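Protein chains: 2
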Amino acid sequence: MFTRGELKSLRHPVPVCPHQKKTIDAVQRTLRILETLRETGGAGVTTVAKETGYSKATVHNHLATLEHEEYVVRTGDGTYELGFRFLDLAHHARRRIGIYDLVRREVDKLAAESGEMALYTVEEHGWGVCIYRELGENAVQTPLYVGYRSALHHTAVGKAILAYLPRSRVEAIIKRRGLTVQTEDTITDPDQLFDELDAIRDRGFAFNREETIPGLVGVGAPIIGQGGTVEGAISIIGPASRMDEERFYGEIPDMITRSVNIIEINATSI
Amino acid sequence: MFTRGELKSLRHPVPVCPHQKKTIDAVQRTLRILETLRETGGAGVTTVAKETGYSKATVHNHLATLEHEEYVVRTGDGTYELGFRFLDLAHHARRRIGIYDLVRREVDKLAAESGEMALYTVEEHGWGVCIYRELGENAVQTPLYVGYRSALHHTAVGKAILAYLPRSRVEAIIKRRGLTVQTEDTITDPDQLFDELDAIRDRGFAFNREETIPGLVGVGAPIIGQGGTVEGAISIIGPASRMDEERFYGEIPDMITRSVNIIEINATSI
DNA sequence: ACAGATGTTCACGAGAGGTGAACTTAAGAG
DNA sequence: CTCTTAAGTTCACCTCTCGTGAACATCTGT
């Protein structure tokens, strides 16, 4: 027989990895559940339980808590959906972007002038996150909504940002996120990527030549803040069919460079 | 000596309130912490601990979890801030609004035509939540951002929505949220509010006569969906000084009614 | 270099929270 | 209208999570 003390020491044998972060399981579960609601566009207890692997009771308790705290709503037909409280959190998250209004005006202008889609993207946790987007008259249909996250290595904005981050940061990001294949033109070799980043730094802006989606191209340029650090990048995106040499390598980069200058100059006075 | 069963029953004496919901404390703590980041616009462990009353270690563990899950960011100066992942959740929450694009177009039109602020609001958890907002040329400065929540009884949109909810729902909302005083003109008496809602139903739209902020007035009208239920309400808001009788009771209501009709007609074809 | 504050780690134990099963309610089929 | 099936909710149990204070580490500014 064991005494209580002996039993206890057996229960906690040895931490598998002594350096792994200590995270709170219940919080992770709630986040997984919210993400499930996001992906399903609303679901019931059973669906969420199946999707996450948690028991029905667990899902029920989490959803009840989230509903009580008004982060989730029960609709008429009994499904749970993301609450509008996230609009509020999103608004306050966006307030971090000091140059938001400035950027917005320029992105609107770019979309109107070019007739294509224009956007502003920022780096976070090694992803590119779309902060603002405006559609021009002939803009392509892509699922690129505000809040959309994508890898940095295969977009114009992403490469523009990477080009102006310290090499160590870029290496860390590559290690963390990998260089996933999107199309046959996606850069998947680190050395090739670093060469590309050198070229971008030389000319001041980046091209996306069907590296994300076949047939889709883009031009992007970084916004450099007072401290000399990249704040983000703006870009114009359109179908390859509409982008002849003159436009893709001339007019569009000019428009973008002009907007970048306006933003950077006005940002210093904030 | 006690048997196991007897001991157990002693340990759980009597639930203080048998009907109180079972919520998960850790989740509530995380939400409180996120709300603190929201309110402070970014803060360190100590500040959040002071603000919430939780221990530093607790706050540290929660923030570490939220950062690991990429819902929060550590900035250069060591403070934690809301992550842009909330933009994504917000986007998916907003997808619940089927008529969003339709409403957006009309609100833009109203803002341009009137020169004032125009907006679309929806009810959730007994609050009015601003879903979309556009500023006209002369729009007033108010903190009415997308995601902003306010009580329903003292705004034009709020009263327009209440007027078309079942009386039982209205009573439940009043009970839950109360009729808070905003200005000397705020309706704080339930009977008076129900009379006002009758009047709104008669004429089809609602007025806010400085009931929220002194000097600020508005006109709002509900959007009624196919099932005959209120989807939300649109509104134009401006300074009382710019709203003479003719404009406030004539032109503005006409513009809004026209937009409501366009939205409702087009909504049936979705 | 030092003082004051902030962030991080640790051991411990109360009790939170996850679980399966039982129960209730709602929806559909025949 | 009843039976069947599935979904949501409640419950008692038990483990291990998570909150805590205090000690330790790290940083900032003068």
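Residue numbers (the working numbering), protein chains in the order written: chain R, 13 to 282; chain Y, 13 to 282.
Positions of the beta carbon are idealized from the N, C-alpha and C atoms, including for glycine.
All figures in this text were calculated on a predicted structure; none of them were measured in a lab.
Which term fits D266 (chain R), buried or exposed, when burial requires 16 or more other beta carbons within 10 angstroms of its beta carbon? Residue burial is scored here from C-beta neighbours: D266 (chain R) has fewer than 16 other C-beta atoms within 10 angstroms and is therefore classed as exposed.
Does chain Y have any CB closer than 7 Å to the CB of A105 (chain R)? So, interface residue.
Interface residues of chain Y around T35 (chain R) at Cβ under 7 Å? Counting only Cβ-Cβ distances below 7 Å, T35 (chain R) has contacts in chain Y at A76, T77 and H80, in chain order.
Would the beta-carbon of I248 (chain Y) fall within 7 Å of that of E79 (chain Y)? Contact flag unset, no.
Whole-Å CB distance - V99 (chain R) paired with A102 (chain Y), under 8 Å assumed: Going by the sequence as given, residue 99 (chain R) is Leu instead of Val. Rounded to the nearest angstrom, the Cβ distance from L99 (chain R) to A102 (chain Y) is 5 Å, consistent with a contact under 8 Å.
Measuring only between beta-carbons, confirm whether N73 (chain R) sits less than 7 Å from chain Y. Yes, N73 (chain R) counts as interfacial toward chain Y.
A38 (chain Y) touches chain R at which residues, Cβ-Cβ below 7 Å? Chain R residues near A38 (chain Y): I36, A38 and V39.
V242 (chain R) and Y176 (chain R) look like a contact to me (Cβ under 8 Å); what is the Cβ gap, rounded to whole Å? Yes, V242 (chain R) and Y176 (chain R) are in contact; Cβ-Cβ is about 4 Å, under 8 Å.
Alpha helix (DSSP H) segment containing A69 (chain R), residue limits: Boundaries of the alpha helix (DSSP H) harbouring A69 (chain R): K68 to H80, taken from the DSSP string.
Which runs of the beta strand (DSSP E), 3 residues or longer, sit entirely within the stretch 67-151 of chain R? Listed in chain order, they are 84-86, 92-94, 129-136 and 139-147.
Using DSSP with H/G/I as helix, E/B as strand and the rest coil, what is V231 (chain R)? For V231 (chain R), the secondary structure class from DSSP, reduced to helix, strand or coil, is strand.
Can you grab the Cα-Cα spacing for the pair I275 (chain R) / D197 (chain R), in whole Å? Answer to the nearest angstrom: the Cα atoms are 31 Å apart.
Please give the ranges of any beta strand (DSSP E) in the stretch 146-201 of chain R, keeping only runs that are unbroken, at least 3 residues long and fully inside the region. Fully contained in the stretch 146-201 of chain R is no beta strand (DSSP E) run of length 3 or more.
At the 7 Å Cβ level, is A175 (chain Y) part of the contact set with chain R, yes or no? No, A175 (chain Y) lies away from the interface with chain R (no Cβ there is under 7 Å from its Cβ).
At least three beta-carbon pairs within less than 8 Å, the stretch 212-220 of chain R to the stretch 162-178 of chain R: The stretch 212-220 of chain R, when compared against the stretch 162-178 of chain R, does touch it at the 8 Å Cβ threshold.
Can you give me the Cβ contacts of R116 (chain R) inside the same chain, cut-off strictly under 7 Å, excluding the 5 residues immediately before and after it? Cβ within range, chain order: Y144.
Rounded to the nearest angstrom, what separates E183 (chain R) and G138 (chain R) at their Cα positions? Taking the straight line from one Cα to the other gives about 10 Å.
Per-residue contacts from E93 (chain Y) into chain R (C-beta, under 8 Å): Neighbours of E93 (chain Y) on chain R, chain order: A105 and R108.
Could you tell me the boundaries of the beta strand (DSSP E) in which I277 (chain Y) lies? Residue range I264 to A279 is occupied by the alpha helix (DSSP H) that includes I277 (chain Y), with no beta strand (DSSP E) assigned at that position.
Could you pull the DSSP bridge partners for I248 (chain R) from this structure? Residue pairing by DSSP places I248 (chain R) opposite R:A130 and R:V231 in a beta bridge.
One or two residues paired with R254 (chain Y) in a DSSP bridge: In the DSSP output, where bridge partners are listed per residue, R254 (chain Y) has none listed.
C-alpha distance - I186 (chain Y) paired with R213 (chain R), whole-angstrom precision: Near 60 Å, if we compare the C-alpha coordinates of R213 (chain R) and I186 (chain Y).
If distances are taken between C-alpha atoms only, which option among R:A61, R:I199 and R:A38 comes closest to L49 (chain R)? Here the closest residue by C-alpha is R:A61.
Based on DSSP bridge pairs, tell me the residues matched to V242 (chain Y). Y:I236, per the DSSP bridge assignment.
Under the three-state reduction of DSSP, which class applies to F217 (chain R): helix, strand or coil? Judged by DSSP in its simplified three-state form, F217 (chain R) adopts coil rather than helix or strand.
Under 7 Å between C-beta atoms, does T280 (chain R) make it to chain Y? By this cut-off, T280 (chain R) is not an interface position.
Per DSSP, cross-strand counterpart(s) of A55 (chain Y): Looking at the DSSP output, A55 (chain Y) bridges to Y:Y92.
Along chain R, in chain order, which residues have C-beta atoms closer than 8 Å to that of Y112 (chain Y)? Close to Y112 (chain Y), with beta-carbon spacing below 8 Å, lies no residue of chain R; the smallest spacing is near 12 Å.
Is the shortest distance between the beta-carbon of Y157 (chain R) and the beta-carbons of chain Y less than 7 Å? Y157 (chain R) counts as touching chain Y.
Under 8 Å between beta-carbons, which chain R residues line up against V134 (chain Y)? List them in chain order, please. By Cβ distance, chain R contributes F96.
Determine whether the Cβ of T167 (chain R) lies closer than 7 Å to any Cβ atom of chain Y. It does not; no Cβ of chain Y falls within 7 Å.
Do the CB positions of V229 (chain R) and A252 (chain R) come within less than 7 Å of each other? Contact check for V229 (chain R) against A252 (chain R) passes: the beta carbons are separated by less than 7 Å.
Report yes or no: is there a C-beta of chain Y within less than 7 Å of the C-beta of V28 (chain R)? In this prediction, V28 (chain R) has a pLDDT of 41, which is less than 50 and means its spatial position is unreliable; what the coordinates show is noted afterwards. So, not an interface residue.
Buried or exposed: where does S162 (chain R) fall if 16 or more other Cβ atoms within 10 Å of its Cβ makes it buried? Residue environment: S162 (chain R) is assigned as buried (16 or more neighbouring CB atoms within 10 Å of its CB, all protein chains considered).
When you compare only the Cα positions, how much space is there between V84 (chain Y) and E118 (chain R)? Whole-angstrom Cα-Cα distance: 28 Å.
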